[in-house]
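In the UniProt record's numbering, the protein residues as written are 1 to 163.
Next comes the structure, spelled out in structure tokens:
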């Protein structure tokens with residue numbers, strides 16, 4: 001069975017400004033700061049932190065179903081402003097998923113407006129779907145919270161620049 005969750009969050013900033021954050025190595029540390037009730041740490045195991053092939057070790061705070069997982073950046077498309085991270089070890093894979101991916105795509109709306117499209121995709125055998133699918137929200141909620149945090153960060157930067 002395949003699950004796909006999609007959220008589109010409008011941001012009052014150019015797609016280029018938002019993509020600059022999503023395509024940078026700072027997104028890893030921003031994620032930990034923006035998700036203090038979920039993430040304990042997100043460390044680089046391989047790579048530079050922002051390009052294809054980078055592997056992260058993500059540690060969740062106690063109380064979450066899966067304490068740790070590894071994810072790998074599998075796509076960074078600067079033309080489409082698309083970044084995809086695939087879970088490669090632990091997490092939902094230990095719970096029976098055969099595939100789990102989080103993607104962020106920055107869509108141009110107007111000159112100074114864009115949409116952060118967050119998508120999580122999960123594949124799981126039908127016999128395990130009922131017991132596991134209720135936990136998928138953590139990965140998805142984290143992606144949406146990052147989008148909201150990036151929006152707030154850009155708004156603060158604009159406010160400082162205007163003063």
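Beta carbons are placed, not taken as given, at the ideal position from N, Cα and C, and that holds for glycine.
Item	Value
Rounded C-alpha distance that separates residue 18 from residue 132	33 Å
8 Å Cβ cutoff met for residue 55 and residue 72	yes
Stretch pair the stretch 23 to 37 + the stretch 119 to 132: three plus CB contacts closer than 8 Å	no
Buried or exposed by the 16-neighbour rule on C-beta atoms within 10 Å, applied to residue 34	buried
Sequence-distant residues of its chain with Cβ nearer than 7 Å to residue 148 (five each side left out)	9
4 or more residues per run - each alpha helix (DSSP H) lying fully within the UniProt domain "Bet v I/Major latex protein" (4 to 129)	15 to 22, 27 to 34 and 91 to 94
Rounded separation between residue 6 and residue 36 - CA only	23 Å
Buried or exposed by the 16-neighbour rule on C-beta atoms within 10 Å, applied to residue 150	buried
Straight-line Cα distance separating residue 39 from residue 14	28 Å
Proximal residues to residue 2 (C-beta, below 6 Å), its chain only, five neighbours per side dropped	123
For residue 81 and residue 110, believed in contact at Cβ under 8 Å, the rounded distance	Contact flag wrong, Cβ pair sits at about 15 Å.
Reference residue 94, options 31, 67 and 45, closest by Cα	67
Local Cβ density within 10 Å of residue 155, reported as buried at 16 or more and exposed below that	exposed
Cutoff 7 Å; reference residue 142; Cβ partners in own chain excluding five residues on either side	35 and 38
Buried versus exposed call for residue 85 [16 or more other C-beta atoms within 10 Å across all chains shown]	buried
Residue 165 - partner residues in DSSP beta bridges	The structure shown does not extend to residue 165, since the chain is modelled only from 1 to 163, so the question has no answer here.
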